[in-house]
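Notes to accompany the following structure.
Residue numbers (the working numbering): -19 to 104.
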């Protein structure tokens, strides 16, 4: 995947492409959080609901997270469809992303080989 760069400016990123890639990531996270919500709900049901009020709060928080991710993804999609082909500095944007796996998906070089994650977690 990765975000395309303008042909004559390899250190720049097209804003439209950047917003579109961010939208895709947000939608993927929304789907993942929905799966997590269902998994937790199933586990709590098997545990015979030790504390129903706490369980409901946890599930509501996850649902709010999922809905927020969907909304942000939709905002990014609309912005990308309506933005001009302006560009921005690639390195500046890369420095704002902490998660290395996301950085690899978004800012991968065209000819770079994809390296799968080593399974290590980066704790912030």
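Even for Gly, the Cβ is constructed at its ideal location relative to N, Cα and C. All values derive from a computational prediction rather than experimental measurement.
* Please classify residue 28: is it buried, with 16 or more other beta-carbons within 10 angstroms of its beta-carbon, or exposed? => exposed
Rounded to a whole number of angstroms, what is the C-alpha to C-alpha distance between residue 59 and residue 31?
42 Å
Discussion item. Between 21, 88 and 51, which has its C-alpha nearest residue 10's C-alpha?
Written reply: 51
- Within the chosen definition, does the segment 31 to 49 reach the segment 12 to 23 through at least 3 CB pairs nearer than 8 Å? yes
If distances are taken between C-alpha atoms only, which option among -10, 80 and -4 comes closest to residue 62?
-4
Grouping DSSP H, G and I as helix and E and B as strand, with all else coil, what is residue 43?
-> helix
Checklist line | Reference residue 38, options 25, 21, -12 and 26, closest by Cα | finding: 21
Considering only their Cβ atoms, is the gap separating residue 67 from residue 6 smaller than 8 Å? no
| said: For a test of the three-state rule: what should DSSP assign to residue -7, helix, strand or coil? | reply: strand
Q.
Quick check on this structure: which residue in 34, 42 and 8 has the alpha carbon closest to the alpha carbon of residue 19?
A. 42
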